[in-house]
Amino acid sequence: MADIKPNHTIYINNLSDRVKKDELKKSLHMIFTQFGEIIAVMSFRTDKMRGQAHVVFKEVSSASNAMRAMQGFPFYEKPLRIQYAKEDSDVISKAKGTFVERSQKSKNAMKRKRPAGRKDGDDGHAAPNKILYLSNLPEDVSTDTIQVIFNQFPGLKDVRLVPNSAGIAFVEFENEELAEPAREALDNFKITPDMQMKVDFAKK
DNA sequence: AGCACA
26 MADIKPNHTI YINNLSDRVK KDELKKSLHM IFTQFGEIIA VMSFRTDKMR
76 GQAHVVFKEV SSASNAMRAM QGFPFYEKPL RIQYAKEDSD VISKAKGTFV
126 ERSQKSKNAM KRKRPAGRKD GDDGHAAPNK ILYLSNLPED VSTDTIQVIF
176 NQFPGLKDVR LVPNSAGIAF VEFENEELAE PAREALDNFK ITPDMQMKVD
226 FAKK
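The opening residue of the first sequence carries number 26 in the working numbering; numbering runs sequentially from there.
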């Protein structure tokens, strides 16, 4: 599992865990700075992270050279084990614009673990997904009208009327988590004084 | 062995 793809950051393990954090970081900085500008050296003596460190370089090429040159280098009596980090460091992803807030990340992970597995029809409704199925709409409703109604919810992506089928439409959100609040709030919404729009998840 | 973001 040694072949992760090149990264600005190298992941080092097999470090002596007897060295204090600040000294370790300083020493790592000293031996790696020759390969190029270092943005950060990070190590934590938590149970999970002891004996390991991350060194973030400004250039990926510096990380590559550092890894090649210092692989197995004796450091506090132990040979360094170096790999590319498996994910971008936050400083890097922020620079690239791909950074995702960590709280948000774990929230998504939780969501994914949610007792999924409900299938269409288990309770007479389609399983949750990012596309909503609208019915009982006025025949002459426009996409603009629907868009205005759904735009108050974040994540709206597309509104589609169905050619030759008056009274129904599909509304797509970026994901199921964003579609659900809109469905919940707008099911039975009185789109005209005498029409209640139905909002369900679309069947797959 | 263990991949974080203090």
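Even glycine gets a Cβ: it sits at the ideal position worked out from N, Cα and C.
- Straight through space, the alpha carbons of Met222 and Asn154 are spaced by roughly 19 angstroms.
- Take Glu62, set aside five residues on each side of it, and the residues of its chain with a beta-carbon closer than 6 angstroms to its own are Lys83, in chain order.
- Taking C-beta atoms as the reference points, Phe226 and Arg208 count as a pair closer than 8 angstroms.
- If you draw a straight line from the Cα of Glu126 to the Cα of Asp115, it comes to about 9 angstroms.
- If you keep only unbroken beta strand (DSSP E) runs of at least 3 residues inside the region 147-177, you get 156-160.
- Per the coordinates, the alpha-carbon of Ile193 lies some 22 angstroms from the alpha-carbon of Glu202.
- Residue pairing by DSSP places Val80 opposite Ile35, Val66 in a beta bridge.
- The continuous beta strand (DSSP E) containing Arg185 extends over residues 181-186.
- For Phe195, no alpha helix (DSSP H) run applies; the uninterrupted beta strand (DSSP E) run containing it begins and ends at 194-198, by DSSP.
- When C-beta atoms of the region 96-111 are compared with those of the region 41-59, three or more pairs fall below 8 angstroms, so the two segments count as touching.
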